[in-house]
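Down below is the structure, laid out as structure tokens.
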Amino acid sequence: MDAVGAVGAVDAVDVVTLGESMVTFLPTRPGRLADVPSFDRGIGGAESNVACTLAAAGHSARWVSRVGADGFGDHLVEAIGAYGVDTASVRRDPARPTGVYFRTAGDRATDAHEVAYYRAGSAASAMSAANLDLDAVRAGRILHLSGITAALSADCRELMRELTARRPGRPLVSFDVNYRPGLWRDSGDASRVLRELARGADIVFVGDDEARDVWGLHGARAVREALPEPEILVVKQGADGATVFTHGTGGTHGTGGAHGTGGAHGTHGTGGTHGPRGTGAHGTGGPAGGADEVTEGAGGPSGGTAVHVPAPRVDVVAAVGAGDAFAAGFLSATLRGLPVRDRLRHGHLMAAAALTVPGDLAAPPARGHADRLAALDDAAWGRLRLGPGWTQAAEGAEEEVRTP
């Protein structure tokens, strides 16, 4: 299976991500937002999280967006750039502010968790094909997008339609559905728009819970039947792992674009998409083992294959950032041309890195360390259990993160 093809442009990078990032305020102690006296500043954004993780893993990554001409915009550009991400294509908006949000310190899976967004009318919500450098957006081997952007404004939806249109010359398009009910005024619009965008992508990540919520679909097969177009469809199934549907055994379809005819297979094996769904298959006590592959044949929803792979057990510190980390791990393995199983396993490992730290972003494991874990036989993979600090294990010390 080949890696994703090369791009000829001078300013080409491995992956371009596009989407809103916000300055996040994290409480210095547990409690209601009304009671917390002070906050620590951080950064948050699904697409920039992917870019930062890929850059930390040794890939070239670009983040494209709009931020306000304010101190918070300065902080976002500087903080994301500090990870090694190319931020030269981020535009500044003198009339609109940078988005911010506050959240409580508790687990997002609990009813007590609070999030307060201040992003309406933000600079990023004004993104459009007219005010971004689309050459820079398309100058990656992979373009990674998410459904969050489509929820921000009508202009953002049109931009997403432009970028997911199936045209010769486009890069490989990766799309994480990332359904956020609170961002959509109308659930019917969400259902229609997110399905349209998913159908235009080459790689799609969706949790079975959000597929149920936004489309009324139950089960991985039902999702594939509703989305037969993507070359790769990843249905995340919580504690049960994830199922990947691909169009046969060859590489991803060639459109004459940057990825040519190179292969791209993989999945997103975290428990869900965000927040409480992040614990899922990576939580303690989750199933583990090898990969089960079933050939669908001509009568199947895609005429290709379906591969189910469980995730390792993880001692979760905070169920945040796992979905973005998994996407980064998957895309990293895709760029390297690794086999389907290993792409999925690298996604699981990158997600486990995020789940074992308090914040959204975690230092990824060294590539050699991750490669050795991904190469474990099915029995050893099934025994794998990862806890805080596992990414810092010394070379050759994989046994330290295994349990019988």
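Numbering (the working numbering), first residue to last: 3 to 406.
No residue lacks a Cβ here, since even glycine has one placed at the ideal position from N, Cα and C.
Inset, instruction - Using 10 angstroms around the beta-carbon of residue 80, count the other beta-carbons present and answer buried if the total reaches 16, otherwise exposed. - result: exposed
Inset, instruction - Identify every residue that forms a DSSP beta bridge with residue 148. - result: 178
Inset, instruction - Compute the distance between the beta-carbons of residue 67 and residue 126, then report whether it is under 8 Å. - result: yes
Legend entry - Complete runs of the alpha helix (DSSP H) confined to the region 19 to 51 [at least 4 residues]: none
Inset, instruction - Give me the Cα-Cα distance between residue 130 and residue 381, rounded to the nearest whole angstrom. - result: In a straight line, the C-alpha of residue 130 is about 49 Å away from that of residue 381.
Inset, instruction - Identify the continuous alpha helix (DSSP H) that holds residue 200 and give its terminal residues. - result: 189 to 202
Legend entry - DSSP-derived helix/strand/coil call for residue 89: Note: residue 89 maps to coil in three-state DSSP.
Inset, instruction - Output the boundary residues of the beta strand (DSSP E) element that contains residue 329. - result: For residue 329, there is no enclosing beta strand (DSSP E); the enclosing alpha helix (DSSP H) has its first and last residue at 324 to 337.
Legend entry - Cα-Cα separation, residue 264 to residue 336: Only weak support exists for where residue 264 lies, its pLDDT of 37 falling under 50; the coordinates are left without a value.
Legend entry - At least three beta-carbon pairs within less than 8 Å, the region 156 to 170 to the region 49 to 56: Result no; under three Cβ-Cβ pairs closer than 8 Å.
Inset, instruction - Look up residue 383 in the DSSP assignment and give the residues it is bridged to. - result: For residue 383, which the question treats as bridged, DSSP gives no partner whatsoever.
Legend entry - Rounded separation between residue 213 and residue 194 - CA only: 12 Å
Inset, instruction - Give the straight-line distance between the Cα atoms of residue 373 and residue 379, rounded to the nearest whole angstrom. - result: 12 Å
Legend entry - Close-in-space but distant-in-sequence residues of the same chain around residue 116 (CB under 6 Å, 5 per side omitted): 35, 106
Legend entry - Opening and closing residue of the alpha helix (DSSP H) in which residue 65 lies: Run containing residue 65: none in the alpha helix (DSSP H); it sits in the beta strand (DSSP E), 63 to 66.
Inset, instruction - Tell me residue 184's beta-bridge partners as DSSP assigns them. - result: None, per the DSSP bridge assignment.
Inset, instruction - Check whether the Cβ atoms of residue 227 and residue 205 lie closer than 8 Å to each other. - result: no
Legend entry - Reduced DSSP secondary structure (H/G/I, E/B, other) of residue 123: coil
Legend entry - Beta-ladder partner(s) of residue 95, from DSSP: 70
Inset, instruction - Could you name the residues that DSSP lists as bridge partners for residue 234? - result: 205, 248
Legend entry - Reduced DSSP category for residue 16 - H, G, I as helix; E, B as strand; rest coil: strand
Inset, instruction - Quick one: give me the first and last residue of the alpha helix (DSSP H) that residue 102 is part of. - result: No alpha helix (DSSP H) holds residue 102; the beta strand (DSSP E) holding it covers 102 to 105.
Legend entry - Nearest-angstrom Cα separation, counted from residue 356 out to residue 364: Spanning the two alpha carbons is a distance of roughly 5 Å.
Legend entry - Same chain, Cβ closer than 7 Å to residue 123, neighbours up to 5 away in sequence not counted: 98
Inset, instruction - Identify whether residue 117 lies in helix, strand or coil by the three-state DSSP scheme. - result: Strand at residue 117.
Inset, instruction - Could you pull out every residue in the same chain whose Cβ sits closer than 6 Å to the Cβ of residue 59, ignoring the five residues on either side in sequence? - result: 334, 366
Legend entry - Nearest-angstrom Cα separation, counted from residue 142 out to residue 91: 13 Å
Legend entry - Presumed contact (8 Å Cβ cut-off) between residue 40 and residue 30, rounded CB distance: 5 Å
Inset, instruction - Please classify residue 342: does DSSP put it in a helix, a strand, or coil? - result: helix
Inset, instruction - Rank 244, 362, 384, 38 by C-alpha distance to the C-alpha of residue 349 and give the top, closest one. - result: Residue 349 has its Cα closest to that of 244, out of 244, 362, 384, 38.
Inset, instruction - Name, in chain order, the residues that DSSP records as bridge partners for residue 315. - result: Its beta-bridge partners are 387.
Inset, instruction - Could you have a look at residue 143 and say whether DSSP puts it in helix, strand or coil? - result: strand
Legend entry - Cβ-Cβ distance between residue 354 and residue 390 below 8 Å: no
Legend entry - Contact set for residue 184: own chain, Cβ-Cβ below 8 Å, skip 5 residues either direction: 119
Legend entry - Coarse secondary structure for residue 394, derived from DSSP in three states: helix
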